[in-house]
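Heads up: the sequence shown begins at 4 in the working numbering, then just goes up one per residue. Glycine is no exception: its CB is placed at the ideal position from the N, C-alpha and C atoms.
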Amino acid sequence: MLVELSLVCVALMCVVKQTSSCLIISEVNCDNPKLDTQEFVELYYEGANPTPLDGYTLVFYNGNGDSAYRVIDLSGHQTDQRGFFVVGSSELTPRPAIFLPPNSVQNGPDAIALYGPNWAPVAEGGLVSGVGLLDAVVYTSGKSRGGADGLASVLTPGSVPYVEDEAALEGDESIQRCWQSENLWSFYTGPPTPAWVNHCPPPTPAEVWINEVDLGGSDQSGHVELSVGMATGSFSLVLYDVTTDLISTSLEFIAKQPGIFAVPVNTASLSGPQSAAFALYKGLVSDFPKDGPLSHEQPIDAFVYGDSAHMPSDNLTETLIPGRKPSYSQRVFSQQVFMSVAVVLPNGREIRDCL
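Here you go:
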């Protein structure tokens, strides 16, 4: 089973595997100063371009009722030579491939979702769906921060909606996906760049983060894959018992150079195959003894997941991933996805969430 989630670190961050081509939502401008005549949604395809968009559907969801208020079939269109495709206002420059009437994109709490081919598209007025989902942006504004949790639970489970700050910049602004390192991205607010490269801060190497959790196989052996940026020194990877919130085991990892490293895990330490909680701390394993209490030190990174019958406690979840919810292990998609943390569980089935 493969589970993916997003990581929230100041801005919304996700670890992404770049080995697969993927169509993603790259930028959204949902609110303009005065009249909303510069709205747009920008898609980007990171493979060979131009690429046809037959069968793809863009769905706009209202946070009030979690239903679709606009559905756009992208069939018959294609990305440009650089991989961009823009749906937007008729007054927008450069001209969008598909026009939207003025004031079409709601300001939030709302969401925009991209669905792949070979799935029956959501109809206007239909409830939010994760079937066939490839990518989604769930957002709110500074004026209205609540009301998007229902959309987020289906479209981006485990992550909080992005808050667009209308006062962040003078003039117009948009929600932009930015690369922070070779395989780490974040959402930022920046000057709009339809059909062009986003305005992003310079990438900064991350310290260290959980990249993959592999608990598959029948020999009680697995591993946790860590990506190391500029971090050095001793770290402790702590596995918590989700039934007691106590420490099941602690594993030492010494970072000496950038790269991707696997830390072996004995899956017999798991309290059950359908739920787990991992946390990465700076320090020695002696600081995290077996059967020790849940540490209230904020971890460098953490991953918490479960299914409907085996959910970690609220205390464990809030301590390790404050403000977020555990990833759910029952949602199944067979479409290609834009991945974050990947988790392989003992039963071997694949679950993928597109973010």
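By the beta-carbon neighbour count (other beta carbons within 10 angstroms, threshold 16), Phe63 is buried.
For the options Ser239, Ala234, Ala280 and Ile101, the alpha carbon positioned closest to that of Pro261 is the one of Ala234.
Fully contained in the stretch 118-182 are the following alpha helix (DSSP H) runs of length 4 or more, in chain order: 152-158. For Asp217, no alpha helix (DSSP H) segment is defined; the enclosing uninterrupted segment is the beta strand (DSSP E) at Val211 to Asp217.
The three-state reading of DSSP puts Ser298 in coil, since its state is none of H, G, I, E or B.
In terms of Cβ geometry, Gln179 and Leu95 do not form a close pair [threshold 7 Å]. Val108 has no beta-bridge partner at all, per DSSP. Between the beta-carbon of Val140 and that of Tyr165 there is about 7 Å, and that keeps the pair under the 8 Å contact cut. One thing to note: Ser224 has its Cβ no nearer than 7 Å to the Cβ of Ile263. DSSP lists Phe43 as the beta-bridge partner residues of Asn32. Glu321 sits in a helix when the DSSP states are folded into three classes. Ser230 has Trp212 and Ile263 as its beta-bridge partners, per DSSP. Between Asp76 and Pro120 the beta-carbon gap is near 11 Å, outside 8 Å, which marks them as no contact. Judged by DSSP in its simplified three-state form, Val62 adopts strand.
Check the Cα spacing between Phe88 and each of Tyr308, Leu61, Pro296 and Gly129: the tightest is with Leu61. When C-alpha distances from Glu300 are compared across Ala282, Val307 and Pro292, the shortest belongs to Ala282. For the pair Ser144 and Arg98, the Cα-to-Cα distance works out to about 26 Å.
By the 16-neighbour rule on beta-carbons within 10 angstroms, Asn318 is exposed.
Ser224 sits in a strand when the DSSP states are folded into three classes.
Taking every protein chain shown into account, the CB of Lys293 has fewer than 16 other CB atoms within 10 angstroms, so this residue is exposed. Here Ser278 carries a coil assignment [DSSP, helix/strand/coil]. One Cα belongs to Glu176, the other to Ala123, and the distance between them is close to 34 Å.
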